[in-house]
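Chemist: Here it is: the structure, laid out below.
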Amino acid sequence: MRNLFVGVAAAALLSTGAMAADLPMEAAPAIVAVPSFSWTGGYVGVQAGYGKDRLGGGAFKPKGALIGGYAGYNFQFDNSPIVIGAETDFNWSDQDDKISFGPLGSVKADVKWAGATRGRVGLAFDRFLAYGAAGVAYSRVKGNAAGITSSRTFTGWTAGGGLEYAFTDSVVGRAEYRYSDYGRRNGVKLTENRVMGGLAIKFGW
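Put into structure tokens, the structure is as follows:
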């Protein structure tokens, strides 16, 4: 009787093992790496801000709003936070200043527009980018004295830096500070300090 019981138990175990062997094996779930944000690509944007100039050694201090657009391209090295790029911008300016001489009239300096073409170098922290930029700057100034007007285009250099944040894969905001030395024209020197904010559409190419 005992031998019969052992035989039945052994047969049951063997049968269970065979059934388990016939069951399909489930594959372990694959681990998919989520790619981090890449700054590589072109972009176009709009910007606005405030600038204060010094013209003629500070005799005139034009100040006011700037509004315009910018476009550029960034390249981020593989497996590296380093981002390099190039950018150009152009802005309409509402910066002006006037010196009054009473009954003799007044002299007005009006900055009409300003732009720059710059190289950029930055460090990316996923969707944050801290960058510095420098390049060539240019600006147009119109003067008016006793009803006589004249215009001059200044060309010099600019340097500054800022922060960018990618709200989505294609929308990037920024805030930056820039100093520009537009050089001299006919012995008259023009410099500028400005702060700007912008919003750009990024293209992944």
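For the sequence shown, this note's numbering begins at 42 and goes up steadily by one.
Note that the Cβ used here is the ideal one computed from N, Cα and C, for glycine as well.
Bear in mind that the values here come from a model prediction, so they are computed numbers and not experimental data.
Going straight from the alpha carbon of W175 to that of G188, what length do you get?
Modeler: Going by the sequence as given, residue 175 is Ala instead of Trp. Cα-Cα distance, rounded: 38 Å.
Chemist: Does DSSP put G143 in a helix, a strand or coil?
Modeler: Here G143 sits in helix by DSSP.
Chemist: Are R215 and L204 close, meaning C-beta to C-beta below 8 Å?
Modeler: Their beta carbons are under 8 Å apart, which means R215 touches L204 by this criterion.
Chemist: Can you give the beta carbon distance from Y111 to Q88, rounded, assuming they're within the 8 Å contact cut?
Modeler: The Cβ separation is near 6 Å, so the contact holds.
Chemist: Determine the direct distance from the alpha carbon of G98 to that of M237, and round the result to whole angstroms.
Modeler: In a straight line, the C-alpha of M237 is about 24 Å away from that of G98.
Chemist: Whose C-beta lies closer than 7 Å to the C-beta of G146 among residues of the same chain, with five residues either side of it excluded?
Modeler: Around G146: A187.
Chemist: Using the three-state DSSP reduction, which class does D119 fall into: helix, strand or coil?
Modeler: D119 falls in the coil class under three-state DSSP.
Chemist: Around the C-beta of S121, are 16 or more other C-beta atoms found within 10 angstroms, so that it is buried, or is it exposed?
Modeler: So S121 counts as exposed.
Chemist: Which parts of the segment 194–242 are runs of the beta strand (DSSP E), unbroken and 3 residues or longer, counting only runs that do not cross its ends?
Modeler: 212–226, all fully within the segment 194–242.
Chemist: Helix, strand or coil for S180, going by three-state DSSP, please let me know.
Modeler: The answer is strand: DSSP assigns S180 an E or B state.
Chemist: Contact defined as beta carbons within less than 8 Å: I believe F101 pairs with I125. What is the distance between those atoms, to the nearest angstrom?
Modeler: In fact, because the Cβ distance is near 37 Å, the residues do not count as touching under 8 Å.
Chemist: Does DSSP put S191 in a helix, in a strand, or in coil?
Modeler: Three-state DSSP puts S191 in a strand.
Chemist: So what's G99 in DSSP terms, helix, strand or just coil?
Modeler: Three-state result, G99: coil.
Chemist: For R161, count neighbouring C-beta atoms within 10 Å of its own C-beta (all shown protein chains included) and say buried if the count is 16 or more, exposed if not.
Modeler: Counting Cβ neighbours within 10 Å, R161 comes out buried, since at least 16 surround it.
Chemist: Whole angstroms are fine: how far does the CA of V152 sit from the CA of N132?
Modeler: Their Cα atoms are separated by approximately 11 Å.
Chemist: Using CA atoms only, rank isn't needed, just tell me which of E217, R225, G113 is closest to K243.
Modeler: Of the listed residues, the one whose Cα sits closest to K243 is G113.
Chemist: Just the C-alpha distance for T194 and A150, rounded to the nearest angstrom, thanks.
Modeler: Taking the straight line from one Cα to the other gives about 13 Å.
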